[in-house]
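Student: One structure is given below, represented as structure tokens, and several questions about it will come after.
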Amino acid sequence: MTNTRGNHDPAGPGPAPAGDGPNSPAGHEWTAHESAGHESAGTDAVSAGPLTSTWADRVRSAAFAHEDIDGVPLVTDRPWVIAHRGYSGAAPENTLAAVDAARMIGADWIEVDLHVSGDGTPTVIHDQSVDRTTDGSGAVSRLDDDALSRLDAGSWAGPGFAGQRLPKLDTLLKDVSTKGGRLLLELKGEWSPGAVASVAGSIIDEGMADRVVVQSFSVPTLAHLRDIAPLVERCLLRTTPREDDMRVVDELQALAYNPSVRGFFTRRHVVDRFLDAGYGMFVWTVDEPASWERLLGAGVHGVITNLPATLQGYIAAKYDAV
Ligand code: G3P
Ligand code: CA
Numbered sequence: 021m022t023n024t025r026g027n028h029d030p031a032g033p034g035p036a037p038a039g040d041g042p043n044s045p046a047g048h049e050w051t052a053h054e055s056a057g058h059e060s061a062g063t064d065a066v067s068a069g070p071l072t073s074t075w076a077d078r079v080r081s082a083a084f085a086h087e088d089i090d091g092v093p094l095v096t097d098r099p100w101v102i103a104h105r106g107y108s109g110a111a112p113e114n115t116l117a118a119v120d121a122a123r124m125i126g127a128d129w130i131e132v133d134l135h136v137s138g139d140g141t142p143t144v145i146h147d148q149s150v151d152r153t154t155d156g157s158g159a160v161s162r163l164d165d166d167a168l169s170r171l172d173a174g175s176w177a178g179p180g181f182a183g184q185r186l187p188k189l190d191t192l193l194k195d196v197s198t199k200g201g202r203l204l205l206e207l208k209g210e211w212s213p214g215a216v217a218s219v220a221g222s223i224i225d226e227g228m229a230d231r232v233v234v235q236s237f238s239v240p241t242l243a244h245l246r247d248i249a250p251l252v253e254r255c256l257l258r259t260t261p262r263e264d265d266m267r268v269v270d271e272l273q274a275l276a277y278n279p280s281v282r283g284f285f286t287r288r289h290v291v292d293r294f295l296d297a298g299y300g301m302f303v304w305t306v307d308e309p310a311s312w313e314r315l316l317g318a319g320v321h322g323v324i325t326n327l328p329a330t331l332q333g334y335i336a337a338k339y340d341a342v
């Protein structure tokens, strides 16, 4: 098909991953597949074999049923624009206002962060405490849902944002499900199998498994997700790439390997192995055009930025210039 950006994308949606089927390590019918040889959740040392298809093939066929949403193609010849903490350059981070702003400018993906409330509810916020981005104080994990729901998460960014709340994951998923967009969900810290199952269940129950990718710095957390709901795609975050990371990514059966921009440039020999082998790569958090140019030249698949509209302009000029 030819998409609205004028790129020719010959691939259509492919089949579900081989081996998907009922299995219930966490007691859910949707938890998936029996044939991958996975051990129970709680380890990160289960060998799953190397990546055998390119990142683009994986995106086309593995988990994503939709080839494009609202005219934004899933696989293109240009990198994805990923709005960091929503469009955090335009609205208070990790609020529905920031998500809406990212959606309005057509960001390919919207990155947000999740912590668990004192009631066990996945809640959208970056820090462990609410102090910096709300009018309250205390650790998210020690506040219940009622207390969190009353916090003002917008006024710190300007009076026009007063009344913005810390979205619960379910609220965010409903918002994106009905209004559009794709989510790059970061699970902050270490998550138990039960907490990961809760996130996966929400994603799947909302019918969003084809529009949500999960990322984390925590290998055990990603391993839980692989074991509980392998149809929900995963990415490994690294601040500084490590020599052994391809083994880790293979074991996680991850879609992409996402280094910091500093890590990308200081550990090129590691990241180039991933790019050369056909893994996906979304680099964070990059707001400088000089760095965008270098990353695009290196062939990364996505750039996570606080300035997604500016990056879109940059990419449009680079790829569409006559
Ligand atoms: O997308 C990765 C990036 O968001 C990780 O850093 O601190 O902004 O969550 P942080
Ligand atoms: Ca993040």
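Per my numbering: the sequence shown = residues 21 to 342. For each residue, glycine too, the CB sits at the ideal point set by N, CA and C.
In chain order, what residues of the same chain lie with their CB nearer than 7 Å to the CB of I145, ignoring the 5 residues before and after it?
Tutor: Answer for I145: N114, D133, H135, T153, V160, L186, listed in chain order.
Student: By a C-beta neighbour count over all protein chains shown, 10 Å radius and 16 as the cutoff for buried, is G201 buried or exposed?
Tutor: When all chains shown are included, G201 counts as buried.
Student: In chain order, what residues have a CB nearer than 6 Å to some heavy atom of ligand 1?
Tutor: Cβ-based neighbours of ligand 1 within the cut-off: H104, E131, D133, H146, E206, L257, W304, T305, I324.
Student: Candidates W129, M124, A122: which alpha carbon is nearest V234's?
Tutor: The shortest C-alpha separation from V234 is found at W129.
Student: Does the beta-carbon of T286 have 16 or more other beta-carbons within 10 angstroms, so that it is buried, or is it exposed?
Tutor: It is exposed - the Cβ of T286 has fewer than 16 other Cβ atoms within 10 Å.
Student: Closer than 7 Å by C-beta to H48: which residues in its own chain qualify, once you throw out the five before and the five after it? Chain order, please.
Tutor: Summary for H48: the model assigns pLDDT 32, below 50, so the residue's position carries little reliability; its value from the coordinates is reported in the next sentence. The answer, listed in chain order, is A217, G221.
Student: Determine, using beta carbons only, whether V232 and L207 come nearer to each other than 8 Å.
Tutor: Taking 8 Å as the Cβ cut-off, V232 and L207 do not qualify as a contacting pair.
Student: Could you tell me the distance, in whole angstroms, from the CA atom of A386 to the CA atom of S236?
Tutor: No answer is possible for residue 386: the residues shown for the chain start at 21 and end at 342.
Student: On the DSSP bridge list, what partners appear for K188?
Tutor: BP columns for K188 point to T143.
Student: Does the distance from the CB of V95 to the CB of A127 come in under 8 Å?
Tutor: Their beta carbons are not under 8 Å apart, which means V95 does not touch A127 by this criterion.
Student: Alpha carbon to alpha carbon, how far is V291 from H321? Give it in angstroms, no decimals.
Tutor: If I take the Cα positions, the gap works out to 12 Å.
Student: In the structure shown, what three-state DSSP assignment does A61 receive?
Tutor: Caution applies to A61, whose pLDDT of 35 falls short of 50 and renders its modelled position unreliable; the model cannot decide the point.
Student: Taking Cβ positions, are V150 and L171 nearer each other than 8 Å?
Tutor: Yes, Cβ-Cβ distance for V150 and L171 is below 8 Å.
Student: Terminal residues of the continuous beta strand (DSSP E) containing T325?
Tutor: From DSSP, the beta strand (DSSP E) with T325 extends over 322-325.
Student: Kindly provide the ranges of any alpha helix (DSSP H) runs that are 4 or more residues long and lie completely inside the stretch 285-319, ordered along the chain.
Tutor: Listed in chain order, they are 288-297, 309-318.
Student: Excluding the 5 residues preceding and the 5 following A177 in the sequence, name in chain order all residues of the same chain whose CB lies nearer than 6 Å to its CB.
Tutor: Once the five neighbours on either side are set aside, the close Cβ partners of A177 are P112.
Student: Per DSSP, D165 forms a beta bridge with which residues?
Tutor: Answer is none; D165 lacks a bridge partner.
Student: Tell me where the beta strand (DSSP E) around Q235 begins and ends.
Tutor: Looking at the DSSP string, the run of the beta strand (DSSP E) that includes Q235 is 232-236.
Student: Going by the CB atoms, is the gap between L245 and R252 shorter than 8 Å?
Tutor: Contrary to the premise, residue 252 reads as Val rather than Arg in this sequence. Closer than 8 Å, so yes.
Student: Ordered along the chain, which non-local residues of its own chain (more than five positions away) have a Cβ less than 7 Å from that of E226?
Tutor: If we look at E226 and ignore the five residues flanking it on each side, its Cβ neighbours are L193, K194, S197.
Student: Please give the ranges of any alpha helix (DSSP H) in the stretch 101-127, keeping only runs that are unbroken, at least 4 residues long and fully inside the region.
Tutor: 116-124, all fully within the stretch 101-127.
Student: Only counting the same chain, and skipping five residues up and downstream in sequence, which positions put a Cβ closer than 6 Å to that of A337?
Tutor: Answer for A337: no residue qualifies.
Student: Just list the alpha helix (DSSP H) runs in the stretch 244-293, keeping only unbroken ones of 4 residues or longer that don't cross its boundaries, in chain order.
Tutor: DSSP runs (the alpha helix (DSSP H)) wholly in the stretch 244-293: 265-272, 281-286.
Student: Is A103 closer than 8 Å to A122 when the C-beta atoms are compared?
Tutor: Yes. Within cutoff.
Student: Quick one: grab the DSSP three-state call for L204.
Tutor: Strand, per DSSP.
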